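Read the structure below first, then the notes.
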Amino acid sequence: MDPNEAALFGPGGTGTFGWPGAFGTWWHADPKADAILMFLPQWRMPELDPKAALARTSTIRLQLLHVQFGQAVYAAL
Numbered sequence: 000m001d002p003n004e005a006a007l008f009g010p011g012g013t014g015t016f017g018w019p020g021a022f023g024t025w026w027h028a029d030p031k032a033d034a035i036l037m038f039l040p041q042w043r044m045p046e047l048d049p050k051a052a053l054a055r056t057s058t059i060r061l062q063l064l065h066v067q068f069g070q071a072v073y074a075a076l
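Counting along the sequence shown from 1, when you hit position 46 you're at 45 in numbering that gives the first Met the number 0, and nothing is skipped either side.
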């Protein structure tokens, strides 16, 4: 994996892996920090809310929450 591209998926040391799931869920395992991060929001598909689908605001907020969640966890370690 390209370390520069890995940063797009959240913080983590070398060897960190994980993936996003359906409806905004996300997780990753960071063996270097001995940590597993799980982000499990209750989120509905933006297509079900026409205004959100047009503005894409719910998707953008969720992506920002992923970043903020990871930053908060690593700051606490």
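Glycine included, every Cβ here is placed at the ideal spot set by N, Cα and C.
If you're wondering where the values come from, they're calculated on a predicted model, not measured in any experiment.
### Task
Compute the distance between the beta-carbons of G17 and A28, then report whether it is under 7 Å.
Taking 7 Å as the Cβ cut-off, G17 and A28 qualify as a contacting pair.
### Query
Once you ignore the five residues that flank W25 on each side, which residues in its own chain have a CB closer than 6 Å to its CB?
So the list reads P19, F38 and H65, once near-sequence residues are dropped.
### Message
Just to confirm the assignment, what range does the beta strand (DSSP E) spanning F16 have?
### Response
Going by DSSP, F16 is part of the beta strand (DSSP E) stretching over F16 to P19.
### Query
Under the rule that 16 or more other beta-carbon atoms within 10 Å means buried, what is G69, buried or exposed?
A residue is called buried once 16 or more other Cβ atoms fall within 10 Å of its Cβ, and G69 is buried on that count.
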